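According to our numbering, the sequence shown holds residues 2 to 450 in order. Glycine is no exception: its CB is placed at the ideal position from the N, C-alpha and C atoms. Note that this is a predicted model, so its numbers are computed, not measured.
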Amino acid sequence: MIKEKSDRRTFLAATIKGTAALSVGGILPGFSPRSYANIVGANERVNVGIMGVNNRGRALAKNFASQPNSRVVHISDVDSRASARSIEEVTKVQNSKPVDTPDFRKALEDKQLDALVIAAPDFWHAHASIMALKAGKHVYVEKPCSYDPNEGELLVKASKKYKGIIQMGNQRRSWPNIVKAIQELHAGAIGRVYFGKGWYANTRLDIGKGKETAVPSWLNYDLWQGPVPRRPYRDNLVHYNWHWFWHWGTGEAVGNGVHMLDMLRWGMGVDYPVRVTSAGGRYHFSDDWETPDTQIITWEFANKSSILWEARSCNGHGVDDIGVGVTFYGENGSLTINGNGYILYDLKGAVVKTVKEGDNMNLLDRSNPSQNLDSLHFQNFFDAIKTGAALNADIPNGHISTLLCQLGNIAWRTGDVLLTDPTNGHILNSAKGKKLWARTYEPGWELTV
């Protein structure tokens, strides 16, 4: 390991100089994982710590470990079982054992740590990101980037103040065929796009009526709650059902809607809305679930366009047999994105062009089974660190996409039609809505920049 971090970064920049990043402007960059493996030695890899290795974080840990130009050096989780499992899996992938660092703040003290990957619960995302930026680390944060709009604005401010690279896990901005689809839209393939629809369908189960009980021996529940005002432990909360409680979670809209809203905003070229409405409820089960399991949100924009998002948490039948997707509607036709593929239609619904999910996959190293579409997003993150390349999913865009979903939840929770400032998304008319712009924190956990 090169002793001085500035020397190490200079070496990395010189080594990788000229490497192209995947962006809207260039669908086929000069990057391949194999080429990185050839030119980046083991001592010049980006050292990352993973915060949260349950669910999505477990997959992220293995995926980052599989990248030829990164190494997982810290695993941090409040669940000792999850840490042990992830450390074992990562060690097998990269042939070196990461340090078990239950409190991620200790990992941030490591001078050799370059970046923190955050896959903890949503209410941790902004806090952990800002802590990492203050510690001089780069950040890869899963969606959503914040729990509420105020946190999102503080995160954007922090990214500018502390100068660290921060990429949001809107990985579809790095998937080749989605980039190509957006390029087609911007080139006028269906004329002016005036309406977009996104949807998410799943078959989630009853979470029951939880009861307060003793905290399990494997869980640091106080650290799990972190910035959130303390509440007793209950047996239907950890590790996933916190999504459905307003005190900790943000429901399907912010948890999964961000991906679809980000693509729709990108394709339609819109940012902040002027009007937001939402309807729905907890329709399927009678349990502790507080957020809607069925929800419609609409956003209207000043340029005479609108977006609709539909969520069905308890009925997995999708739209046009697609469980998760988006469709753009324009003056001359439509375009539907499904996974990493898309279909162009004319005004009468006849198929004009089909791009399959497996097309344009020459960017991946087929000899390495661990390489996948998300690897392209990670490599863009590394490029930004090493060469200053533009991020595909920077935090200002991540904040706007997250904010739109948060406004949808605020409209639902208040029952108000929200009128918003088209320059920043701030609520103009709802006193109840304004109260939900920011939350209170556990004393000592206030968020500052």
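DSSP-derived helix/strand/coil call for residue i
i: K98; result: coil
i: C406; result: helix
i: S431; result: coil
i: H139; result: strand
i: D451; result: This structure does not reach residue 451, given that the chain is present from 2 up to 450, and the question cannot be answered.
i: D80; result: strand
i: G416; result: coil
i: S87; result: helix
i: A312; result: strand
i: L220; result: strand
i: N171; result: coil
i: S130; result: helix
i: R57; result: helix
i: G286; result: The identity of residue 286 in the sequence shown is Phe, whereas the question assumes Gly. In the structure shown, F286 sits in coil (DSSP, three-state: anything other than H, G, I, E or B).
i: Y163; result: helix
i: V356; result: strand
i: W1; result: Given a span of 2 to 450 for the chain in the structure shown, any question on residue 1 remains unanswerable.
i: P34; result: Here P34 scores only 39 on pLDDT, less than 50, and its place in the model should not be relied on; the value that follows carries that caveat. P34: helix per DSSP, three-state reduction.
Distance, residue j Cα to residue i Cα
i: F124; j: S147; result: 7 Å
i: N242; j: I208; result: 7 Å
i: L420; j: L109; result: 41 Å
i: K433; j: G281; result: 18 Å
i: V73; j: E332; result: 48 Å
i: W438; j: T328; result: 30 Å
i: K435; j: N151; result: 11 Å
i: L224; j: K158; result: 25 Å
i: L262; j: I308; result: 8 Å
i: Q113; j: N373; result: 27 Å
i: A391; j: G170; result: 15 Å
i: S218; j: D78; result: 14 Å
i: M269; j: I401; result: 14 Å
i: Y141; j: A412; result: 29 Å
i: E447; j: W247; result: 19 Å
i: Y195; j: S306; result: 4 Å
i: S130; j: T403; result: 15 Å
i: Q296; j: C406; result: 11 Å
i: L29; j: P177; result: A caution first: L29 carries a pLDDT of 32, below 50, which makes its placement in the model unreliable, though a value can still be read off. In a straight line, the C-alpha of L29 is about 8 Å away from that of P177.
i: P1; j: H126; result: Given that the chain is displayed from residue 2 to residue 450, the structure contains no residue 1 and the question cannot be resolved.
i: G153; j: D272; result: 15 Å
i: E185; j: P274; result: 24 Å
i: S67; j: H285; result: 40 Å
i: D289; j: G211; result: 7 Å
i: F383; j: G199; result: 30 Å
i: T441; j: A394; result: 28 Å
Reference residue i, options the options, closest by Cα
i: R313; options: P228, D288 and G258; result: G258
i: L336; options: G359, G192 and V157; result: G192
i: V418; options: G256, N430, G426 and D360; result: N430
i: Q172; options: A412, G399, M132 and V229; result: G399
i: P122; options: D104, A133, P103 and E143; result: E143
i: Q226; options: E311, G250 and K212; result: G250
i: F65; options: N55, V94 and A83; result: V94
i: W300; options: G197, D149 and T449; result: G197
i: D111; options: Y234, R266 and I76; result: I76
i: E311; options: T388, N304 and V320; result: V320
i: A83; options: Q68, G58 and D288; result: G58
i: P103; options: A136, K138, M52 and V91; result: M52
i: K162; options: L134, H187, V54 and A182; result: L134
Min CB distance residue i to chain C below 8 Å
i: H244; result: Checking the listed chains, one finds no chain C in this structure; it contains a single protein chain.
Terminal residues of the beta strand (DSSP E) in which residue i lies
i: N339; result: G334 to N339
i: D347; result: G342 to D347
i: K387; result: Premise fails: K387 lies in the alpha helix (DSSP H), L374 to T388, not in any beta strand (DSSP E).
i: A1; result: What is shown of the chain runs 2 to 450, which leaves residue 1 out entirely.
Delimiting residues of the alpha helix (DSSP H) encompassing residue i
i: Q264; result: Gln is not the amino acid found at residue 264; the sequence shown has Met there. G258 to M269 is the span of the alpha helix (DSSP H), which, as asked, contains M264.
Contact the segment 197-213 vs the segment 315-322: 3+ CB pairs below 8 Å
yes
Answer yes if the segment 338-352 comes into contact with the segment 177-194, meaning at least three C-beta pairs across the two stretches below 8 Å, and no otherwise.
yes
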